[in-house]
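A short write-up of the structure that comes next.
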Amino acid sequence: MKKGVWLSILAVLLSGVIVYSMWYIYRRGELQNNSKDSFIPYNSALVVQINAGVSLPEKVGLAFQSNISDFQKILLYQVASLLEKKGFIAPTSRVLALRKEGKGKIVYLFVGDNSDVLSGKEVFDCLRENMSWRAIIPRKYDQYKIYTLKSGEEEIFCTAEEGKILLSDSELFIEDALKQFEQEAANEGKPTKFQNITKYFSPRAGVNVFLNTDCFSELLPLYIQTNRLFPHLNISSCFKWGALDGELQEEGISLNGFMDYTGLEASYMKTFSGQEPEETNLAGMLPGNASSVMFLNISQLDLYLKNLEEYRRDAGLIGNVRKRKQEYAWAWGKGAEAELKELLQGKFALANMSFNEATGKNEGLIVAEVKSGGLCKNWIEKIVTQRAKQLQLNPGNFYLRYTVDREKTIPYYKSPVEDWAAVYWGYIFEGIPAKYLLVVDNYLVLGSSQKVMGDFIKEYIHGNFIKNTDWFKKAKTKLSAKSNLAYFANVRKMLPYYTYVTKGDWKKYLATHEEELAVFSTLAVQWSNEGEMLYSNLFLSTEEIKQENLPHQVWQTKLEAKVSMKPVPVINHITKEQEIFVQDDQQTIYLLNNSGRILWKLKVDGQINSEVYQVDAFKNGKLQYLFSTPDKLYLVDRNGKYVDRFPLAFEAKCERGIALFDYDQNRNYRIFAPLLNQQVSLYDIKGNLIPDWKGVKTDKEIVSRVYHFRVGNKDYIVLADRYRLYILDRKGKERVRVSDVFDLGEGTEIYLTHKGGKPLLAFANSNEQLNLVDFNGKNQPLKYENLAPGWHLNVANINKDNEDELIFTAGKRLKIYNLSGQEIYSKEIEANSLDFPYVYRFSGNDIRIGLLDRDRQQMLLWNLKTGMSAGFPIPGDSPFSIVFSDNGNFYLFAGVDNGSLIKYKVQR
């Protein structure tokens, strides 16, 4: 009997355990399956889901360090952090929602997974044990329990229900979250907007962001003065919602996804309906010194203008637009708008050049691509003539000219009105008044001031466009090549403007944290139409960018390729002004005037390997340019045309380059060409071989140029092969026999120097030996040690002792010896690979050494007494020339940025 009772009790207990276990497993699984999305109230303005494993990059953290520090002090963060640390909040994704309550208060809702879905009491026991509270007050809300947590002056609200932990600084927000979950569980209401949008999210993204309508209409106006951005375009009405995936990376913050504008009558974005994303080439026309640029790419212009008209009607803007168009028709003629529309290609751009904080005005440009620049110029002349007639003015009052230099001017026009671009093409252009007009190639350019027009023309002449700037090139790689609307900004330059258009906490932060925010270099945003939505990309970059303009840079001119030679200062024989001759690594030669304008360019067959000589070939005072490549001898006139018979092909390759001598300064030039066949050819300036030149047949391949030295009343022609030095007379006969055997490298340089008043030929062996050969053929070798491979040698007098010094560069070391072999200077410079040491004389007491570090692409100007010259090092990728100007200044010319030539004022 007793045994049967105990068995019955045991069976009941076992059944209870089984039932409870089944319920526990079911309930736990049910709670684990609850989605955090279900707790997001439909009226949340902004929802951010931070997925597992995401961390804030160091650079971004530094930029917002003070904000982060302030946020970490608030009670909501401290509670969430404690519960995560104690293991109550699971290390899965977390959701943070924001909305506005009352007049302008922003409140937060945090939703995280409860690690133990059935624990609730334990959560609050943990909080009681680990934090100091003024009060913890529970209360019932329907079937749930909400806790009010008070600490000091702060209070937050918390609940641990349905497998989730919810925290908020708004009791109403938590109630709405629980109510939202109940509705979803009972399927009583429609799914929240957040749940509808999650299908657009990528589960692999680090962050998912949902932007609700209230984000634009309620939150945005709290922080941005929308009327300062666009007085007639309300950006808070542009989007209905957005669903974006985000990544937090070391190189920056990226967001991409869909933005919906359907159903919003006052949304400018609906003008893109039916458009296809397209590429633009306008970056090749906008000036390189722009701070930000915007591109509008329209595939169907008629459709865009039709949509623009409908949008303006729905937004209540059509009355003012029609009034202005009627005024234009009266002032310019009825067909002016239609005539211009026929010329448009559907590609527009806006460039902000500068911002005046005092007036709140932007200076900038609007550029539109047209089908015919000539017809567009006719259109401008027609409307200004019509306007002048109405005002009873001479049409010449509307005509202006910009002087590029003494030889070139460019015409442009005063615009009859300032707002016509915004009226015709959309109010996104209204920030730039169209005060001046210019047609360049097939582009219509509208500028806000004469200074802006002048800056544009200068950048256009020099070929300096935004597409070549480091910041724009890096920003562009982050986005798609095609879009309908795109915006690129140099953040550091635009920060004053961003501060101007923001308000509240954002304005305060931007104004007081400029140094921290400098970590952000560029901002790139684009929208592309897809059906009834816009696919959006945003990238805020922390990648370092190069400084585009040096403080003392006079001009920078874009070439077709990287500068491949030391720029050569030459003289314009007509104006006597200085000009610059240079070649790029695609074998194109250029002549630029002193203003940096390219006068002409010419493709030759190879890289110049000689000096560029200015000669008076016809003895008439007109100068030409003589030089060689390995295969040909060139003579080019000052207009970039070949002189008759040139170029001339060499009998064999001339790897060392020609040398030109005018023995008696009577313009009876002699051109020496050392050839690979171990012979030296001698030409006159007409390209004829000199018949009485005996020539020389070297024993080995020639490794030097040909040199001419006059010592006393004798002329010496000097050259070297791998093992021998040859000293000849003007007819090619041996004048001095040198018996020593040398070991010379390719490109050996030979210098005429004096030691104790005795003339010597100085040149270096490849084995760190310097040779001093007198004109009797005797050699005085000097040994130099510890020179790094790839050393360079120059010989010059740098200390006013009437004797030359030997200047060596190798790696990062600069060394100087006297002609007795004593080291008189040694310095390790912050560099990797110092190139040839050029000597520049600024005065009798101011001698400096010009160096190029090819690895770092830096130019250095070294003063032996004081070290690095003021303003150096500066970026550069070619050897540089320094010349003295008539105005008393010294200017440097060099290649920079893999394809530009600069003129730079050297600081004394």
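Here my numbering is used: the sequence shown runs in plain steps of one and ends on residue 898.
For glycine and all other residues, C-beta sits at the position ideal for the given N, C-alpha and C.
Local Cβ density within 10 Å of Gly6, reported as buried at 16 or more and exposed below that: Within the sequence shown, numbered from 1, the residue matching residue 6 stands at position 16. Unreliable positioning characterises Gly6 in this predicted model, as indicated by a pLDDT of 42, which lies under 50. The coordinate reading is nonetheless provided below. With fewer than 16 other Cβ atoms within 10 Å, it is exposed.
Val357 vs Asn432 beta-carbon contact at 7 angstroms: The residue labelled residue 357 in the question sits at position 367 within the sequence shown. The residue labelled residue 432 in the question sits at position 442 within the sequence shown. Cβ atoms of Val357 and Asn432: not closer than 7 angstroms.
Spatial distance of Arg482 from Phe345 (CA atoms): Within the sequence shown, numbered from 1, the residue matching residue 482 stands at position 492. Within the sequence shown, numbered from 1, the residue matching residue 345 stands at position 355. Going by the C-alpha atoms only, they are around 12 angstroms apart.
Residue environment, Gly19, which counts as buried when at least 16 other CB atoms sit within 10 Å: The residue given as residue 19 occupies position 29 in the sequence shown. Unreliable placement is indicated for Gly19, whose pLDDT of 42 sits below 50; the coordinate value is still reported in the next sentence. When all chains shown are included, Gly19 counts as exposed.
CA-to-CA distance, Gln516 to Cys228, given in whole angstroms: The residue you call residue 228 lines up with position 238 of the sequence shown. The residue you call residue 516 lines up with position 526 of the sequence shown. Straight-line Cα distance between these residues: approximately 14 angstroms.
Contact between the stretch 535 to 554 and the stretch 491 to 499 (3+ Cβ pairs under 8 angstroms): no
Run of the alpha helix (DSSP H) containing Cys116, from where it starts to where it stops: Here residue 116 refers to the residue found at position 126 of the sequence shown. Run containing Cys116: 111 to 120, per the alpha helix (DSSP H) assignment.
Lys536 versus Gly236 - alpha carbon distance: Within the sequence shown, numbered from 1, the residue matching residue 536 stands at position 546. Within the sequence shown, numbered from 1, the residue matching residue 236 stands at position 246. Between Lys536 and Gly236, the C-alpha separation is close to 27 angstroms.
Buried/exposed call for Leu672, threshold 16 Cβ in 10 Å: The sequence position of residue 672 within the sequence shown is 682, counting from 1. Counting Cβ neighbours within 10 Å, Leu672 comes out buried, since at least 16 surround it.
Segment limits, alpha helix (DSSP H) that includes Phe462: To locate residue 462, count along the sequence shown from 1; it is residue 472. Element bounds for Phe462: 460 to 466.
Residue ranges of each beta strand (DSSP E) within the stretch 608 to 681, 3 or longer: 614 to 618, 622 to 627, 649 to 651, 660 to 664, 670 to 673
Span separating the alpha-carbon of Lys721 from that of Ile707: Taking the sequence shown and counting its residues from 1, the one referred to as residue 721 is at position 731. Taking the sequence shown and counting its residues from 1, the one referred to as residue 707 is at position 717. About 9 angstroms.
Cβ-based burial, Asn297 [other Cβ within 10 Å; buried from 16]: Sequence index remark: in the sequence shown, residue 297 carries index 307 (1-based). Answer is buried; the Cβ neighbour count reaches 16.
Host beta strand (DSSP E) of Gln335 (start-end): Within the sequence shown, residue 335 is the residue found at index 345, counting from 1. Its beta strand (DSSP E) spans residues 334 to 346.
Per-residue burial, Trp13 [other beta carbons within 10 Å of its own, 16 or more giving buried]: Here residue 13 corresponds to residue number 23 of the sequence shown, with the count starting at 1. Summary for Trp13: the model assigns pLDDT 36, below 50, so the residue's position carries little reliability, and this model does not support an answer.
Assigned secondary structure, Phe510 (DSSP; H/G/I helix, E/B strand, else coil): As a position in the sequence shown, residue 510 is number 520, starting the count at 1. Note: Phe510 maps to coil in three-state DSSP.
Every unbroken alpha helix (DSSP H) inside the stretch 443 to 500 [4 residues or more]: 460 to 466, 481 to 491
8 angstroms Cβ shell around Glu520 - same chain, five flanking residues per side excluded: Here residue 520 refers to the residue found at position 530 of the sequence shown. Cβ within range, chain order: Phe248.
Residue burial classification, Asp836 (beta-carbon count within 10 angstroms, cutoff 16): Translated into the one-based positions of the sequence shown, residue 836 becomes position 846. So Asp836 ends up on the exposed side.
Alpha carbon of Thr532 to alpha carbon of Val509, nearest angstrom: Indexing the sequence shown from 1 puts residue 532 at position 542. Indexing the sequence shown from 1 puts residue 509 at position 519. Going from the Cα of Thr532 to the Cα of Val509 covers about 6 angstroms.
Range of the contiguous beta strand (DSSP E) that encloses Leu293: As a first step, residue 293 must be located in the sequence shown, where it is residue number 303. Premise fails: Leu293 lies in the alpha helix (DSSP H), 291 to 304, not in any beta strand (DSSP E).
Three-way DSSP call (helix, strand, coil) for Ile361 in this model: The sequence position of residue 361 within the sequence shown is 371, counting from 1. Note on residue identity: the sequence assigns Lys, not Ile, to residue 361. If DSSP states are grouped into helix, strand and coil, Lys361 belongs with coil.
Rounded separation between Gly596 and Met523 - CA only: The residue you call residue 596 lines up with position 606 of the sequence shown. The residue you call residue 523 lines up with position 533 of the sequence shown. Rounded to whole angstroms, Gly596 to Met523 spans 54 angstroms at the Cα level.
Proximal residues to Ala125 (C-beta, below 6 angstroms), its chain only, five neighbours per side dropped: The residue given as residue 125 occupies position 135 in the sequence shown. Same-chain partners within the cutoff: Lys140.
Length at least 4, wholly inside the stretch 41 to 109: the alpha helix (DSSP H) runs in chain order: 48 to 53, 55 to 63, 65 to 75
Residue from Glu268, Asp250, Glu269, Pro267 whose Cα sits closest to the Cα of Lys260: The residue given as residue 260 occupies position 270 in the sequence shown. Minimum Cα distance to Lys260 is reached at Asp250.
Counterpart residues of Val560 in DSSP-defined beta bridges: The residue labelled residue 560 in the question sits at position 570 within the sequence shown. DSSP lists Glu569 as partners of Val560.
Close Cβ partners of Met555 (< 8 angstroms) along its chain, the five nearest in sequence each way excluded: Translated into the one-based positions of the sequence shown, residue 555 becomes position 565. So the qualifying residues of the chain are Val572, Gln573, Gln597, Ile598, Ser868, Pro869.
Beta carbon of Leu272 nearer than 7 angstroms to that of Ala341: Here the question's residue 272 lines up with position 282 in the sequence shown. Here the question's residue 341 lines up with position 351 in the sequence shown. Cβ atoms of Leu272 and Ala341: not closer than 7 angstroms.
According to DSSP, residues forming a beta bridge with Ser227: Indexing the sequence shown from 1 puts residue 227 at position 237. DSSP, once it has assigned bridges, lists no residue as partnering Ser227.
Rounded C-alpha distance that separates Met443 from Trp410: In the sequence shown, residue 443 corresponds to position 453, counting from 1. In the sequence shown, residue 410 corresponds to position 420, counting from 1. Cα to Cα, the separation comes out at about 18 angstroms.
Tyr741: first and last residue of the uninterrupted beta strand (DSSP E) it sits in: Counting from 1 along the sequence shown, the entry for residue 741 is found at position 751. Start and end: 741 to 745.
Validate contact between the stretch 620 to 637 and the stretch 579 to 591 using beta carbons, cut 8 angstroms, 3 pairs: yes
Continuous beta strand (DSSP E) stretch holding Arg838: start and end: Mapped onto the sequence shown, residue 838 falls at position 848. First-last of the beta strand (DSSP E) with Arg838: 836 to 843.
Sequence-distant residues of the same chain with beta carbon closer than 6 angstroms to Ile717, five excluded per side: In the sequence shown, counting from the first residue as 1, residue 717 sits at position 727. Closer than 6 angstroms at Cβ, skipping near neighbours: Tyr706, Val708, Arg725, Val726.
Nearest-angstrom Cβ-Cβ length linking Asp682 and Tyr659, presumed shorter than 8 angstroms: Along the sequence shown, read from residue 1 onward, the residue named residue 682 stands at position 692. Along the sequence shown, read from residue 1 onward, the residue named residue 659 stands at position 669. Not really, about 16 angstroms apart at Cβ, beyond 8 angstroms.
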